[in-house]
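Protein sequence lines, in the order shown, are assigned to chains A and B.
Just so we're on the same page, this note's numbering is the position in the first sequence counted from 1, plus 4.
Just so we're on the same page, this note's numbering is the position in the second sequence counted from 1, plus 4.
Encoded as structure tokens, the structure appears first; notes follow it.
There are 2 protein chains.
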Amino acid sequence: MNKLNYRECVQLLLKQDDILILSHKNPDGDTVGSSCALCSALRRAGKNAYLYNNRQIPEKLMPYAEKFISPEGFQAKYTVAVDIATPQLFPVDFEGAVQLCIDHHPTNSCYAENLFLKDDRSSCGEIMFELIKLMPDKPTAEEATLLYIALSTDTGCFQYGNTTARSFSAASELLRLGADNHKINLEFFRKVSAARIRLEGMIYSGMEFYREGKISLVCITREMMERCGATEDDCDDIAGLAGRAEGSLLSITIKETEQGGSKVSVRSSPAVSASDICAVFGGGGHNMAAGCSLDCQPERAKEMLLNVIDEVWK
Amino acid sequence: MNKLNYRECVQLLLKQDDILILSHKNPDGDTVGSSCALCSALRRAGKNAYLYNNRQIPEKLMPYAEKFISPEGFQAKYTVAVDIATPQLFPVDFEGAVQLCIDHHPTNSCYAENLFLKDDRSSCGEIMFELIKLMPDKPTAEEATLLYIALSTDTGCFQYGNTTARSFSAASELLRLGADNHKINLEFFRKVSAARIRLEGMIYSGMEFYREGKISLVCITREMMERCGATEDDCDDIAGLAGRAEGSLLSITIKETEQGGSKVSVRSSPAVSASDICAVFGGGGHNMAAGCSLDCQPERAKEMLLNVIDEVWK
């Protein structure tokens, strides 16, 4: 496995043709925006380049991705993975070797032949922007918009802790190149479906607090989803809502699965480890954000979690 | 009235002493953050400088403003208004002349002896940062944080249409100077009171839609406020919630006043003028955001507004 620097990565890319670009499983704005921007830049450089037809790309991103998606029967000679830390995160039906991986996750498992990794960057978008700027012509307004999607979605529109001075500089440059930040902000941050509005109404009205507000907890049942007319597309970042409560140091979101089980997201402050709690149920993640699955309905899962929290967080 | 450029404004400031800095009525993050940063920079330059004791400064901003507020009996020789477009926006109990006004509102009425106006800037914070950088020493980390409060609150954390490439550049520089964006984002954008959570629950659950979703409408009664334990401090930007609904081109928020009347906020898209609607009830504002007061309860105000909208928006 070769670790590349910026210039080596760009030179390697510009030597290839018939390039397939791979976004990750459960694709988000960063993997799709960065992939599309790279695809566009490679096409400008005269390359035949396509996005792997990742069938999970959300509706919201499709208008931006559509024109880049590979037709049936496209024979790739070179595959580039974008924002994919491990092969477990390949799209479900992808099988094949990856010649180059461009990523920002510290957990990258070095599975690709060549790796371009910058693990101190907010998003793959930030890295991809630097790479595209090293190509012969300057990024187009469309690419700037795609990179703005990547950067803004991975930083929660510049609110998350991963936002750095460098992220803001990149945003500034992207706007100067013509990124349509107003449109993107409306679509990705400002506007939500009526179903989502109803669902948030139920979530906020039903939010439970324990230990004088230090724990905030939300249950989302299938019945709630049905009453709101909500689908998975309406659940973007839904695990972040419980943590909005002032004074909450540990927030828990329990979502009933289609099979009647419980998918649990735990977010925490340094006061307590989310992954310690989830590990008890065979889950994992980071100290401040972790998840697990329980084979029971949300009400029962809630009891079990609160019991474990009493043990883990004295 | 003299219009000043950057250098003239800084030179004029550095000639003064015993300086009083005035923030506007119903002070927000921009007027307070910019005022405090200016006060700190003037003190570093050896000046005796204080903030006018604006009694309306919200609780959230007080920890940042406290140390700058003038003691009883401070005799000012020079008064600087920050982010104040007209004398009608002076704090209620302020009487006195203003020698210098630093502002970004296109509607500035040129009431001050000297005016430093940049009406294409997102916030007064953006302007104040440029001014402070022209002073002898570089801005401190504390000033950077104060200016980040100003810039981020006036741009809705970089989501509003006033966010420009220049705003992002300023944010980048402020972070390099040590602005604590993580703390500010948590306090001002991420965390809300439990009362606010409950209030949003009621607002989203009760949101009404008309004309197939083109109109979204929210009523906030005193009874709702009481049930949630919410105060005015919990109502920051509450008029923005109705407009989150996808497909809504006109959003209306009706809030019952303590006297049992209705305070109405109307937000619109270019499809229809918010100020045309509010003008019918003696109110005003901009095309896209306007307000009016009705001397009746929310339910009645709603009927009257919907009738007027039927006339104004065919």
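Glycine included, C-beta positions come from ideal geometry on N, C-alpha and C.
Look up residue i in the DSSP assignment and say whether it is helix, strand or coil.
i: B:R59; result: coil
i: A:T257; result: strand
i: B:D87; result: coil
i: A:C161; result: coil
i: A:C128; result: helix
i: B:F120; result: strand
i: A:K7; result: strand
i: A:A154; result: helix
i: A:D299; result: coil
i: A:I21; result: Note on identity: in this sequence residue 21 of chain A is Asp, with Ile being the wrong assignment. In this structure, A:D21 counts as coil in the three-state DSSP scheme.
i: A:D280; result: helix
i: B:A148; result: helix
i: B:I101; result: The sequence given here places Ala at residue 101 of chain B; Ile does not occur at that position. If DSSP states are grouped into helix, strand and coil, B:A101 belongs with coil.
i: B:L65; result: coil
i: A:G233; result: coil
i: A:G288; result: strand
i: A:D241; result: coil
i: B:D107; result: strand
i: A:A80; result: coil
i: A:I275; result: Correcting the residue type first, residue 275 of chain A is Ala in the shown sequence and not Ile. In this structure, A:A275 counts as coil in the three-state DSSP scheme.
i: A:L135; result: helix
Give me the residue from the options with the minimum Cα distance to residue i.
i: A:A169; options: B:A243, B:L138, B:G160 and B:H186; result: B:H186
i: B:S39; options: B:D87, B:L8, B:F78 and B:R48; result: B:D87
i: B:R11; options: B:S74, B:P140 and B:T90; result: B:P140
i: A:L46; options: A:D97, A:Y68, A:L138 and A:N9; result: A:L138
i: A:S27; options: A:L17, A:R59, A:V284 and A:D238; result: A:R59
i: B:I313; options: B:I23, B:A175, B:R215 and B:T225; result: B:R215
i: A:V102; options: A:L93, A:V96, A:P95 and A:E117; result: A:E117
i: A:K267; options: A:S252, A:G286 and A:P274; result: A:G286
i: A:D184; options: A:S220, A:F213, A:A145 and A:A199; result: A:A145
i: A:S197; options: A:M5, A:E63 and A:N6; result: A:E63
i: A:L324; options: A:L8, A:L16, A:C13 and A:N57; result: With chain A running from 5 to 318 in the structure shown, residue 324 of chain A is simply not present.
i: A:L178; options: B:N9, B:S173 and B:P67; result: B:S173
i: A:D22; options: A:Q15, A:V14, A:C13 and A:C43; result: A:C43
i: B:K71; options: B:E147, B:K306 and B:F193; result: B:E147
i: B:V195; options: A:D97, A:L16, A:K218 and A:N112; result: Correcting the residue identity first, residue 195 of chain B is Lys in this sequence and not Val. When only C-alpha atoms are compared, the closest one is A:K218.
i: B:G1; options: B:A199, B:I256, B:I224 and B:I73; result: For chain B, the structure presents residues 5 to 318; residue 1 of chain B sits outside this window and is missing.
i: A:R304; options: A:S273, A:V316, A:E260 and A:P274; result: A:E260
i: A:F213; options: A:Q92, A:R202 and A:S252; result: A:S252
i: A:F98; options: A:Y164, A:K29 and A:F133; result: A:K29
i: B:I61; options: B:R200, B:D237, B:N112 and B:Y152; result: B:D237
i: B:G77; options: B:L55, B:M308, B:E134 and B:L119; result: B:L55
Can you tell me where the alpha helix (DSSP H) with residue i in it begins and where it stops?
i: A:L178; result: A169 to R180
i: A:I188; result: N185 to N189
i: B:P95; result: First-last for B:P95: undefined, no H or E at that position.
Which two residues bound the contiguous beta strand (DSSP E) that contains residue i?
i: B:S39; result: Element bounds for B:S39: not the beta strand (DSSP E) but the alpha helix (DSSP H), G33 to R48.
i: A:V222; result: I219 to I224
i: B:K267; result: S266 to S272
i: A:C114; result: No beta strand (DSSP E) holds A:C114; DSSP gives it neither H nor E.
Task: Residue ranges of each alpha helix (DSSP H) within the region 191-216 of chain A, 4 or longer - done: The region 191-216 of chain A contains, as complete alpha helix (DSSP H) runs of 4+ residues, the segments 198-210 (chain order).
Open item on the list: Does the region 32-45 of chain A come into contact with the region 116-129 of chain A, if we say contact requires no fewer than three beta-carbon pairs (one atom in each stretch) closer than 8 Å?
Closed with: Counting Cβ pairs under 8 Å, three or more are found: they touch.
TODO: Would you check if there are 3 or more beta carbon pairs closer than 8 Å linking the region 274-282 of chain B to the region 238-251 of chain B?
DONE: By the Cβ test, the region 274-282 of chain B is not in contact with the region 238-251 of chain B, since fewer than three Cβ pairs between them sit closer than 8 Å.
- [ ] Report the residues of the region 271-301 of chain B with a CB closer than 7 Å to any CB of chain E, ordered along the chain.
- [x] Going by chain labels, chain E is absent from the structure shown, which instead holds the protein chains A and B.
Open item on the list: Closer than 8 Å is the cut-off here; do at least three beta carbon pairs connect the region 44-52 of chain B with the region 298-312 of chain A?
Closed with: Put simply, the region 44-52 of chain B does not touch the region 298-312 of chain A. Fewer than three CB pairs are less than 8 Å apart.
TODO: Kindly confirm or deny that the region 153-163 of chain A and the region 174-193 of chain A touch, where touching means at least three C-beta pairs closer than 8 Å.
DONE: Segment contact: the region 153-163 of chain A against the region 174-193 of chain A, three or more CB-CB distances shorter than 8 Å; contact assigned.
Open item on the list: Three Cβ pairs or more, each shorter than 8 Å: is that satisfied between the region 77-92 of chain B and the region 102-109 of chain B?
Closed with: Yes: the two stretches touch, three or more of their Cβ pairs being nearer than 8 Å.
- [ ] Would you check if there are 3 or more beta carbon pairs closer than 8 Å linking the region 226-238 of chain A to the region 191-209 of chain A?
- [x] Yes: the two stretches touch, three or more of their Cβ pairs being nearer than 8 Å.
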